[in-house]
Amino acid sequence: MNIVLIGFMGSGKSAVGHLLAEELKLNFLDTDELIENTEGRKISEIFKADGEEYFRDLETEVIKTLQDYDNFVLSTGGGMVLREENVSLLKSMGPVILLWAEPEVIYERVKSGTHRPLLQVEEPFEEIKKRLDYRTPFYRKAADYTIDTSKLSPEEITKDILQWLKSR
Ligand code: S3P
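Counting with this note's numbering, you get residues 49 to 216 for the letters of the sequence shown.
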């Protein structure tokens with residue numbers, strides 16, 4: 049079995065993914081980490097040197113490679129669902145779970161980080177709202193289950209997902 053987590057930056061995919069993997073005795077995988085490992089450089093360097101489209105191509109490549117594997121919880125980069133091809137690939141892996149969060153909450157969670165190139169702008173909160181608005185229909189369309197994480201801890205989110213998985 050595999051589980052796929054989607055959602056905006058700062059929605060809790062990594063924290064929840066680790067907890068879920070532990071509970072379900074699955075491996076934890078993260079598309080950003082896999083890309084950084086194969087490329088031998090940081091996401092921010094990839095964006096800077098080769099641009100966003102190049103990074104998006106790497107995202108598609110990495111989830112194509114994962115089609116041959118099983119027993120993992122996959123945390124995906126926040127922009128993964130922007131390509132329809134990616135959504136089909138993710139859906140063929142297993143249930144796709146959307147971690148949702150209000151823009152204000154996202155801002156609080158990401159504001160001190162410097163590793164997200166898309167948020168290294170003058171007005172990160174405005175950027176978050178703009179991108180979240182644009183992406184919301186993509187996230188909703190891809191998701192089999194959605195949870196609003198705004199007021200929940202990673203442990204609470206994990207519990208909720210485990211219950212949903214059991215109830216299916
Ligand atoms: C991105 C999100 C990041 C990373 C890259 C682009 C995005 O991943 O893939 O910086 O477009 O939302 P996280 O969602 O894990 O921060």
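Yeah, the Cβ is synthetic: ideal placement off N, Cα and C, and Gly gets one too.
Under the three-state DSSP convention, the category L122 falls into: L122: strand per DSSP, three-state reduction.
Heavy atom of the ligand S3P within 7 Å of K61 beta-carbon: Yes; taking the cut-off as 7 Å, the Cβ of K61 has a heavy atom of the ligand S3P nearer than that.
Whole-angstrom distance between G126 and P143, CA atom to CA atom: About 17 Å.
DSSP-derived helix/strand/coil call for V169: coil
Those residues which DSSP pairs with Y193 across a bridge: I145
Contact test: D192 Cβ vs the ligand S3P heavy atom, cutoff 7 Å: Residue side-chain check: D192 keeps its Cβ at 7 Å or more from all non-hydrogen atoms of the ligand S3P.
Residues that DSSP places opposite V52 in a beta bridge: Bridge pairing for V52: L122 and V144 [DSSP].
Beta-ladder partner(s) of F76, from DSSP: Per DSSP, V121.
Own chain, CB closer than 6 Å to L74, minus 5 neighbours either side, in chain order: If the five residues before and after L74 are omitted, its C-beta is found closer than 6 Å to the C-beta atoms of N119, F120 and V121, all from its own chain and listed in chain order.
Contact under 8 Å by Cβ, W148 with G65: no
Cβ pair I51, L68 closer than 8 Å: yes
Cβ neighbour criterion (16 or more within 10 Å) applied to M128: buried
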